[in-house]
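Residue numbers (my numbering), protein chains in the order written: chain C, 200 to 427; chain U, 200 to 427. C-beta: ideal position from N, C-alpha, C; glycine also.
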DNA sequence: ATATATAATTATGAATTCATAATTACGTCA
DNA sequence: TGACGTAATTATGAATTCATAATTATATAT
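In structure tokens:
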């Protein structure tokens with residue numbers, strides 16, 4: 200018997216996990232705020248049990264902070280946190296580049312090239328939101344090509360935490376241009392299956408991104424918003 | 200007011216998390232077995248609520264598998280899983296080497312040298328258990344010197360999963376000798392703060408380890424034990 | 001008015017309860 | 001005997017309840 204077709208309703212805490220993660224990543228629940236447990240339970244029509252199970256998982260993921268007997272709080276993002284997260288993300292991204300070059304098919308390269316060209320269009324039109332979307336899709340496609348689910352899980356978990364910094368608003372024209380140039384190199388390395396080179400570029404690419412985030416975090420109002 | 204001294208009792212699910220993790224890593228609960236929820240609740244004198252919270256967290260960690268409406272099962276380890284885990288561990292270990300070389304103090308190097316010499320003694324006496332213990336302590340010390348809590352968390356989570364393969368029994372004399380040689384290089388690179396070199400050695404070191412594990416997994420009875 | 005002590009309220013952590021799904025035991029019939 | 005269907009049992013998922021910790025409101029004294 201093959202169990203792959205068996206009908207399984209996902210449990211409530213798994214469903215909630217997705218919703219809560221989105222609320223935090225999208226910034227609906229901003230860093231530093233208390234997670235309104237009762238309110239969320241009412242909103243999603245569930246009892247506290249699955250909600251609290253989901254919160255425990257999010258705590259391990261680093262998106263919320265559990266204060267014993269005082270409830271759950273949305274994690275703040277400090278510069279120190281990012282200084283720790285980025286090198287790890289860099290290592291994972293470099294690995295994803297290496298593995299992608301080993302496994303990637305021509306079809307997958309073509310798909311990425313298509314995304315790349317779309318991204319360039321968005322860049323030319325200075326459509327930051329769409330640029331960002333295409334950008335993210337490219338990195339996801341490389342991850343997909345790397346074909347390593349452990350890597351994917353870990354990378355996504357870190358990416359989610361960085362994403363909610365919404366650093367994009369702080370992207371300078373100069374930085375943007377550089378990012379696009381780096382993406383040309385990324386595509387080229389992928390096309391030629393130059394794993395080591397791609398790893399190196401992706402690391403550099405992420406380092407530049409970190410600088411953007413760092414600048415963003417250093418601007419006064421942002422520091423307030425995220426760390427108070 | 201400084202909250203650093205405030206008294207906080209850890210919640211039950213956190214306590215349980217540690218106990219359960221140990222039970223799985225130590226092999227008391229072998230891969231593929233059902234997690235005896237009721238039994239464990241009685242054993243630790245807790246209700247099902249915190250126990251189930253802990254299981255949800257372990258599921259995210261990859262140590263247990265939750266089958267909807269059928270309970271929790273200790274995750275099996277397949278060769279395919281390890282083929283995914285090892286490259287990721289390699290990348291993380293390489294990073295830990297790089298970062299350690301940037302930050303490590305002379306005291307820390309001395310401590311590692313001491314551990315290294317102890318390890319060599321255990322090797323000469325062919326005391327596998329003690330050798331393994333010292334070995335693990337060295338890798339932990341490098342991780343400590345890297346001074347990156349994100350990295351530490353991720354590395355430990357993967358290391359725990361690999362550790363429970365108990366591959367050591369399968370270590371050949373030849374392999375053991377090679378491992379010791381690699382450790383000489385590790386110490387030397389650390390002493391000289393050669394980050395890139397250390398990263399490279401650690402990656403190689405882990406790759407050899409993977410080969411040992413792979414051989415171990417390929418021996419018939421082990422495959423049965425872990426995957427049936 | 002401000003600080004402190006006490007009471008009322010609310011939120012949290014965890015046990016318990018309950019509905020339902022899954023499993024096992026039993027009985028029937030070929 | 002063994003395949004099938006049904007009943008009894010057990011386990012699971014989630015809601016509810018309950019004891020206690022934390023917070024807020026109120027009262028008292030300086």
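- Taking a contact as a CB-CB distance under 8 Å, the pair residue 278 (chain C) and residue 363 (chain C) does not count as one, their CB atoms being some 15 Å apart.
- Going by C-alpha positions, residue 218 (chain C) is about 22 Å away from residue 349 (chain C).
- For residue 225 (chain U), the secondary structure class from DSSP, reduced to helix, strand or coil, is coil.
- Pairing residue 253 (chain C) with residue 216 (chain C) gives a Cβ-Cβ distance under 8 Å.
- Proximity of residue 255 (chain C) to chain U, defined by a Cβ-Cβ separation below 8 Å, is satisfied.
- One thing to note: residue 259 (chain U) has its Cβ within 8 Å of the Cβ of residue 259 (chain C).
- Look at the segment 246-322 of chain U and you find these whole runs of alpha helix (DSSP H), each 4 residues long or longer: 247-260, 278-302.
- For residue 267 (chain U), at least one C-beta of chain C is nearer than 8 Å to its own C-beta.
- Residues of chain U whose Cβ lies closer than 8 Å to the Cβ of residue 251 (chain C) are, in chain order, 252.
- Residue-level contact check: residue 359 (chain U) does not touch chain C, since none of the beta carbons of chain C fall below 8 Å from its beta carbon.
- Residues of chain C whose Cβ lies closer than 7 Å to the Cβ of residue 286 (chain U) are, in chain order, 294, 298, 347.
- The beta-carbon of residue 370 (chain C) is placed no less than 8 Å from the nearest beta-carbon of chain U.
- For residue 405 (chain C), there are no neighbours in chain U by C-beta distance under 8 Å, as the nearest C-beta there is about 13 Å away.
- Of the candidates U:246, U:236, U:297, U:283, U:236 places its Cα closest to the Cα of residue 272 (chain U).
- Residue environment: residue 418 (chain C) is assigned as exposed (fewer than 16 neighbouring CB atoms within 10 Å of its CB, all protein chains considered).
- The Cβ of residue 209 (chain U) sits closer than 8 Å to at least one Cβ of chain C.
- A Cβ-Cβ contact shorter than 8 Å links residue 333 (chain U) with residue 317 (chain U).
- Counting C-beta atoms within 10 angstroms of its own C-beta, residue 406 (chain U) has fewer than 16 neighbours from the protein chains shown and is therefore classed as exposed.
- Scanning chain U for C-beta atoms nearer than 9 Å to the C-beta of residue 350 (chain C) yields 283, 286, 287, 290, reported in chain order.
- Leaving aside the five residues that flank residue 246 (chain U) on each side, the residues in its chain whose CB is nearer than 8 Å to its CB run, in chain order, 240.
- In this chain, the alpha helix (DSSP H) harbouring residue 353 (chain U) covers 348-362.
- With a threshold of 8 Å between beta carbons, residue 259 (chain U) makes contact with chain C.
- Of the residues assessed, residue 358 (chain U) falls on the buried side of the cut-off, its CB having 16 or more other CB atoms within 10 angstroms.
- Excluding five sequence positions before and after residue 228 (chain U), the CB atoms of its chain that fall closer than 6 Å to its own CB belong to 222, 273, given in chain order.
- Residues 249, 252, 253 of the same chain have their beta carbon placed closer than 6 Å to that of residue 212 (chain U), with the five preceding and five following residues left out of the count.
- The alpha carbon of residue 401 (chain U) has as its nearest neighbour, out of U:256, U:283, U:290, U:269, the alpha carbon of U:290.
- Distance from the CA of residue 325 (chain C) to the CA of residue 331 (chain C), rounded to the nearest whole angstrom, comes to 11 Å.
- Under the Cβ criterion of 8 Å, residue 277 (chain C) is not counted among the residues facing chain U.
- Taking C-alpha positions only, residue 297 (chain U) is separated from residue 398 (chain U) by approximately 6 Å.
- At least one beta carbon of chain U lies nearer than 8 Å to the beta carbon of residue 248 (chain C).
- Ranked by Cα distance from residue 370 (chain U), the first of U:233, U:295, U:415, U:280 is U:415.
- Residues 411 of the same chain have their beta carbon placed closer than 6 Å to that of residue 374 (chain U), with the five preceding and five following residues left out of the count.
- Listed as beta-bridge partners of residue 329 (chain C) by DSSP are no residues whatsoever.
- CA-to-CA, the gap between residue 286 (chain U) and residue 299 (chain U) works out to about 20 Å.
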